[in-house]
Amino acid sequence: MNRIYLDHAATTPVHPKVTEAIVHVLNDCYGNPSSIHHDGRKAKVIIEEAREKIAHLLGREPAEVVFTSSATESINTVLKGLFFKNYPNQSVFRSTSVEHHATLHTLQYLENKNCDVVYEPVNTFGELANISNNNVDLNSFMLVNNETGAVLSKDIFEKLLGRKEKIHIDAVQALGKVPFNEFHQADYLSFSGHKIGAPKGVGFLLVKSGSDFEEFFHGGAQERNRRAGTEAVHHIAGLASAIEIILSEQAQHLSHVEQINRFVRNGLLGLGHDIVINSPNHGSPYILNFTFSQDEDEKIDGEAVLMALDGRGISVSNGSACSSGSFEPSHVLKAIGKSDYEAQATLRLSFSSSTTIKEVEIFLDEFDLVLKRMKSINF
Ligand code: PLP
């Protein structure tokens with residue numbers, strides 16, 4: 017049975033051309049890029065060509081690209097790197113309570129070290145409507161929320177630019193999906209490979225020249241002394257290849273995914289299950305989040321819905337993958353005003369260019385059946 021994968025915001029399959037690029041490097045370019053002999057230089061060339069390609073594709077300078085192991089590492093590097101650069105002076109950061117745990121848990125760690133964090137309020141879709149007048153050292157916001165698909169508005173970003181404070185953007189769910197040229201004026205942008213057809217274990221950071229930070233890893237002089245450790249040459253080659261592929265097809269994929277999103281939205285609302293869509297109309301079409309039971313007396317177990325769909329060959333998420341398994345209600349859903357019951361009665365679908373109308377039709381039918389069955393059992 018062919019499975020239906022509707023969880024692309026958690027991770028994506030590796031693109032076959034990316035696998036090819038990786039296998040080529042693994043087989044033929046095994047030297048240590050810090051070695052000065054032929055094999056080392058060959059590996060170094062792979063890294064520098066990948067850096068140039070990524071910089072060119074994103075309209076940046078090669079020296080602004082820092083390779084990391086993940087977006088979590090990129091985010092930790094920026095937040096802790098600025099905090100420790102300023103240390104022992106107190107730092108003040110601005111963010112929201114709907115950020116990914118990579119940001120939120122880092123902020124909480126820093127708060128224990130006497131960092132002051134201003135959390136700006138968000139609306140019921142997780143969108144930031146305004147920013148307060150507090151002066152801060154760093155603003156850290158996600159461009160696309162990984163649970164609701166809410167997008168950071170250009171107006172807010174303009175306001176942030178006007179404040180002349182440092183800005184970090186978590187652009188993980190935006191790369192190759194929503195255009196974000198305006199946001200390149202941020203001092204730091206964090207990215208991940210495994211959301212765009214590259215493997216897990218590789219990410220990068222764009223750092224505007226002159227925007228220093230205290231390095232997170234200490235060791236060798238790799239990445240211009242900004243990230244010590246022997247580079248994952250094969251992953252870096254795969255990352256560059258994935259970015260090239262996804263950006264070359266972005267516009268065409270966007271209109272396809274918009275069509276899928278509209279189809280599922282209308283389909284869900286037509287099922288008659290009192291469904292509330294938690295994703296804004298003008299958010300990223302790649303993510304669709306909805307609550308399927310508002311009434312605690314219905315006693316619908318969201319985890320059981322997810323597992324029933326899984327048993328029928330459909331993979332979806334009930335929150336961010338990083339927190340599923342912990343059975344805690346999603347911090348994002350709580351922050352946008354959901355009760356514990358509503359939060360567990362919520363699903364997130366996330367699409368890709370390979371998602372078909374046929375697949376989402378099957379999802380709608382199976383979801384309808386599962387929910388009707390659960391309601392009849394509880395009645
Ligand atoms: N930021 C966002 C918005 C994400 O969706 C994720 C992953 O789910 C991350 C950060 C962390 O990325 P990584 O898995 O590369 O550490």
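Quick note on our numbering: the sequence shown kicks off at 17 and runs consecutively.
Even glycine gets a Cβ: it sits at the ideal position worked out from N, Cα and C.
In the three-state reduction of the DSSP assignment, residue 283 falls in the helix class, which pools H, G and I. Its chain contains 294, 352, 353 as the residues whose beta carbon lies nearer than 8 Å to that of residue 140, once the 5 sequence neighbours on both sides are disregarded; these appear in chain order. Remark: C-beta atoms of residue 95 and residue 126 approach each other more closely than 8 Å. Residues of the same chain with a CB within less than 6 Å of the CB of residue 256, apart from the 5 flanking positions on each side, are 66, 69, 70 in chain order. By the beta-carbon neighbour count (other beta carbons within 10 angstroms, threshold 16), residue 358 is buried. Residue 64 counts as exposed, since fewer than 16 other beta carbons sit within 10 angstroms of its beta carbon. Here residue 77 carries a coil assignment [DSSP, helix/strand/coil]. A distance criterion of 7 Å places the beta-carbon of residue 384 beyond contact range of the ligand PLP, judged by its closest non-hydrogen atom. Residue pairing by DSSP places residue 56 opposite no residue, since no beta bridge is assigned to it.
For secondary structure counted as the alpha helix (DSSP H) over 4 or more consecutive residues, the segment 318–392 holds these complete runs in sequence order: 318–327, 347–351, 356–360. Remark: fewer than three beta-carbon pairs, one from each stretch, lie closer than 8 Å, so the segment 242–256 and the segment 101–119 are not flagged as touching.
With contacts defined as CB atoms closer than 8 Å, residue 152 and residue 109 qualify as a contacting pair. Listed in chain order, the alpha helix (DSSP H) elements of length 4 or more contained wholly in the segment 95–156 are 117–127. The ligand PLP approaches residue 219 closely enough that one of its heavy atoms is under 7 Å from the residue's Cβ. When Cβ pairs closer than 8 Å are counted between the two stretches, the segment 42–53 is seen not to touch the segment 174–183, the count staying below three. Taking a contact as a CB-CB distance under 8 Å, the pair residue 279 and residue 292 does not count as one, their CB atoms being some 18 Å apart. Per DSSP, the unbroken beta strand (DSSP E) holding residue 305 starts and ends at 303–307. Placement of the Cβ of residue 88 at a distance of less than 7 Å from at least one heavy atom of the ligand PLP is found. Counting only the Cα atoms, residue 330 lies some 7 Å from residue 379. Setting aside the 5 residues that flank it on each side, residue 90 is surrounded in the same chain by 84, 206, 219, 221, each with a C-beta closer than 6 Å to its C-beta; the list follows chain order. For residue 183, the pairing in a beta bridge is given by DSSP as 155. Within the same chain, 210 come within 6 Å of residue 27 by CB-CB distance, once the 5 residues on both sides are set aside.
For the 8 Å CB-CB criterion, residue 299 and residue 165 form a contact. Not one heavy atom of the ligand PLP sits closer than 7 Å to the Cβ of residue 166. The three-state secondary structure of residue 192, taken from DSSP, is coil. Inclusion of residue 208 in the 7 Å shell around the ligand PLP follows from its C-beta lying nearer than that to a non-hydrogen atom of the ligand. In the three-state reduction of the DSSP assignment, residue 219 falls in the strand class, which pools E and B. A contact between stretches requires three or more CB pairs, one per stretch, nearer than 8 Å, and the segment 314–333 fails this requirement with the segment 188–200. For residue 206, the secondary structure class from DSSP, reduced to helix, strand or coil, is strand. Note that the C-beta distance between residue 273 and residue 369 is below 8 Å.
For the pair residue 260 and residue 73, the CB atoms are nearer than the 8 Å cut-off.
In this structure, the alpha-carbon of residue 381 lies about 9 Å from that of residue 283. Within the same chain, Cβ atoms closer than 6 Å to the Cβ of residue 365 are found at 22, 304, 332, the five residues on either side in sequence being excluded. Of the candidates 20, 62, 55, 62 places its Cα closest to the Cα of residue 250. Within the DSSP bridge table, the entry for residue 83 names 220 as partners.
By the C-beta density criterion, residue 345 is buried, having at least 16 other C-beta atoms within 10 angstroms.
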